[in-house]
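Per our numbering, residue 441 is the first one in the sequence shown, and the count goes up by one each step. Read the structure below first, then the notes.
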Amino acid sequence: MTNAATAPEGVAGGALIGDAVRLPNATGLHARPAAMLVALAKKYQSTLRLVRGEDEANAKSVVSIMALGTRQGDILRVKAMGADAAEAIGAVSALLVAGCGELHEEAPVAVAMAASPAETVRVAAPSVNALSGVCASPGLAVGRIVQYRQDVIVVAETDESPEREHGKLVAALKAAQDQIEALKNGVADPAGAAILDAHQHLLQDPDLLEIAVAGVMQSQAAGHAWRLAFMQYAQQLECLEGAHNALLRERGSDIRDVGRRVLALLAGVKPSHIDLPHGAILIAEELTPSDTASLDRSKLLGFCTTTGGATSHVAILARSFGIPALCGVDEAALALAQGTLVVLDGAQGLLHHAPSESDIAQAHERMAQQAARREQEAALALDAAVTTDGHRIEVVANVRNATEAREAVALGGEGVGLLRSEFLFDERDTAPSEDEQAAAYVAVADALGAQRTLVIRTLDVGGDKPLPYLPLPKEDNPFLGLRGVRVSLDQPEMFRTQLRAILRASGKARLHIMFPMIATLEELREAKALLAAEAAASGHSDFKVGIMIEVPSAALLAEQFARETDFFSIGTNDLTQYTLAMDRGHHKLAKKADGLHPSVLKMIALTCEGAARHGKWVGVCGSLASDAMAVPVLIGLGVSELSVSVPATPAIKALVRRLSLNDCKVLAQEVIQLGTTAEVRARLAAFAP
Ligand code: PEP
Ligand code: MG
């Protein structure tokens, strides 16, 4: 947050945009302060807009500002386009900071809410010295703030020679490819490299190139045409895809990232480099994968971004770096002075910006304890996860490919509880062939070996996450439309091809085939009939069939479903969003869509009861399985398999070894009687990492 006139520091669709301002006016921008703001705005030629999240108002219209319905504490930015844009942003931002002529008191700091890496929420003690965010990566760090803002890249708007501009664009695209290739060489972990790979693909995206070339042919300068193209394209994708799948959701910001790289080349400016001192905690509105990949990890202790969520690329990268990070942190973090000493608590989702000496000493003590615990956990990672009263829990992993499956095994993973097959289908123009798919599934099975379980989930896309080659209609409610198994049943040929490919992995691992987003018995029966036909035709019979429980109807009818399946795996991410009617990717609701809400726990209890009546096992492959606070409750409710994120494996196994099944049962019965997530989390506080 800023306390002084702000210099513009970013671009939005060709406009300049200023720093965030927290609105001090007790009753928001009502008529009087709005009129004062308009009077000032009208002194400037530029078009001026007030931006609050996704909403915007014309800063030269009192009605438009009032219609924005601002409240004290809202985060606003001023956006301007025109000759005097920079000056206008500075003046209008300063007036906002000063309360537009009204005396004010500072808005209270928001009550601290935070989330685990599992997209869940925990209530932290409210503190005026702490800013809250979503936990992107757990861990603790004591360091000094480094603020980072992207530079504004200025380019000419028009040019007389389309041929020359086209040539420049082609050269810049090639140079960007080379830059990314060089960056990839310096990125050791597969997750980071995969993101940069995706960037290289984006640079060849025909639709994106077509928009840019069309602009050049209409006499736009290459830089201008390119900027319009990638901004428009990013926006289109974001609107199309909603916010469900982590990788798909991130594509918009990937396009902006790779787009800026090409833009910088066209403008002849160096791509922004973040120079870090030792012990840095980086604060930014957004960190692109390119920014993140070029950070000096020996100097970086952690970072916070005001955008993004627990499933964003930057979160994935932070976890692969093994450093604490928060996404969606309160925008006030942007106003913390360079060099401020802070304590970043990833697991609690808190950035303490005025820690006392004792806070710092405590943080150091906790860091030492955590390091010692991690060492112990790693040493015992390959041992089984057996409770103190002798009950074995299978701890397996969520993976996307054979590389991750191998990593999981090395960290003590006892198998794969969720192979997300959709990643094979993404980022391409045609569906993968049977042979291609079979090779990928067999590679994962081979990484595990014949004695380990491999649960392959059939294609889980659709609606909010379209595939370019799938002719699905645009839907008003994509989360409630053609999604998961419904897409497969709608496209039986594609489904049959996938089933044939999956069956080819049978015998190479203990094959389990799982259908996502089953809501009705008819869907299950239809899917099973297709599977049975393919199994009969190929002569494969060595596999189990199960469903994901992620829709309340499936949890409520678990007993009926258990009659016709071999196992259940609970997708707590979707089960939470459908139980609470809260979009799991919604920028305001995602923090509240917590799988430890008692209603979701009751759904899990029903699922376990239904399965137990027919002697079927229940796993959890949603994020709740990796959440230490949830583990005792899940076990107590009857879950016997936890499919966790690969790095969480040793810690979850170690936790299971400290629990007793009997105590877990008592605890589970107690917490499902509670009324709110906060009460549940408070009761489970002792299990927090
Ligand atoms: C879930 O919904 O919990 C799940 C594991 O599936 P996904 O996150 O891929 O939708
Ligand atoms: Mg799901």
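Backbone N, C-alpha and C define an ideal beta-carbon position, used for all residues, glycine too. All values reported here derive from a predicted model rather than from experimental measurement.
Anticipated Cβ contact below 8 Å, R462 with A772, distance rounded: The C-beta distance from R462 to A772 rounds to 6 Å, short enough to fall under 8 Å.
What does the alpha-carbon distance come out to for the pair V895 and L1074? 19 Å
Cβ-Cβ distance between G468 and V769 below 8 Å: no
Quick one: residues in its chain with C-beta nearer than 6 Å to the C-beta of I989, no 5 flanking neighbours on either side, listed in chain order? A995, F1008, I1010, T1047
Would you decide whether V610 is buried or exposed? Buried here means 16 or more other CB atoms lie within 10 Å of its CB. exposed
How about C1104: is its Cβ closer than 7 Å to a heavy atom in the ligand PEP? no
Closest by CA to P533, which one among N569, R489, G522, D495? Reading the sequence as shown, one finds Ser at residue 533 and not Pro. The candidate whose alpha carbon is nearest that of S533 is R489.
Under the criterion of a Cβ to heavy atom distance below 7 Å, does P956 qualify as lining the ligand MG? yes
Reference K482, options D618, P956, A525, H952, closest by Cα: Closest option to K482, Cα to Cα, is A525.
Around the C-beta of K1056, are 16 or more other C-beta atoms found within 10 angstroms, so that it is buried, or is it exposed? Counting Cβ neighbours within 10 Å, K1056 comes out buried, since at least 16 surround it.
Could you give the C-beta distance for A576 and L766, rounded to a whole number, given that I count them as a contact under 8 Å? 6 Å
Leaving out five residues on either side along the sequence, give the residues of the same chain with a beta carbon under 8 Å from the beta carbon of E597. Q660, A661, H664
Is K500 buried or exposed, if buried means 16 or more other CB atoms sit within 10 Å of its CB? So K500 ends up on the buried side.
First and last residue of the uninterrupted alpha helix (DSSP H) at I942: In the DSSP annotation of this structure, the continuous segment of the alpha helix (DSSP H) that includes I942 starts and ends at 932 to 943.
Rounded separation between Q1109 and M1043 - CA only: 13 Å
For G575, which of helix, strand or coil comes out of DSSP? The displayed chain sequence assigns Cys, not Gly, to residue 575. Strand at C575.
Exposure of G947, with buried meaning 16 or more beta-carbon neighbours within 10 Å: exposed
Just reading off the beta strand (DSSP E) that E496 is part of, what are its end residues? 495 to 498
Start and end of the alpha helix (DSSP H) containing V1040? 1038 to 1053
Quick one: is the Cβ of E1081 within less than 7 Å of any heavy atom of the ligand PEP? no
Going along the chain, which residues of its own chain have a beta-carbon closer than 6 Å to the beta-carbon of N1013, five neighbours each way excluded? R1024, G1062, S1063
Please determine whether the Cβ atom of T1012 lies at a distance below 7 Å from any heavy atom of the ligand PEP. Indeed, a heavy atom of the ligand PEP lies less than 7 Å from the Cβ.
Spatial neighbours of Y673 within its chain, please: CB distance less than 6 Å, with the 5 preceding and 5 following residues excluded, ordered by chain position. L648, I695
Among residues of its own chain, excluding the 5 on either side of A801, which ones have a beta-carbon nearer than 6 Å to its beta-carbon? none
Residue closest to V1106, alpha-carbon to alpha-carbon, out of L1095, L1124, G1115: L1124
Please report the Cβ distance between T745 and A724, rounded to the nearest whole angstrom; I am assuming they are in contact, meaning their Cβ atoms lie under 8 Å. 5 Å
Let me check understanding here. Comparing Cα to Cα, which of F983, H718, E496, A758 lies closest to T732? A758
Measuring only from the beta carbon, is E963 closer than 7 Å to any heavy atom that is part of the ligand MG? no
Given a threshold of 16 other Cβ atoms within 10 Å of its Cβ, counted over all protein chains shown, does M657 qualify as buried or as exposed? exposed
Member of R1098, S1039, L910 whose CA lies at the smallest distance from the CA of A1068: R1098
N- and C-terminal bounds of the alpha helix (DSSP H) containing I529: From DSSP, the alpha helix (DSSP H) with I529 extends over 525 to 537.
So, at 7 Å on beta carbons, what are the nonlocal neighbours of A1070 in its own chain, with the 5 sequence-adjacent residues on each side left out? So the list reads G1035, L1036, L1064, once near-sequence residues are dropped.
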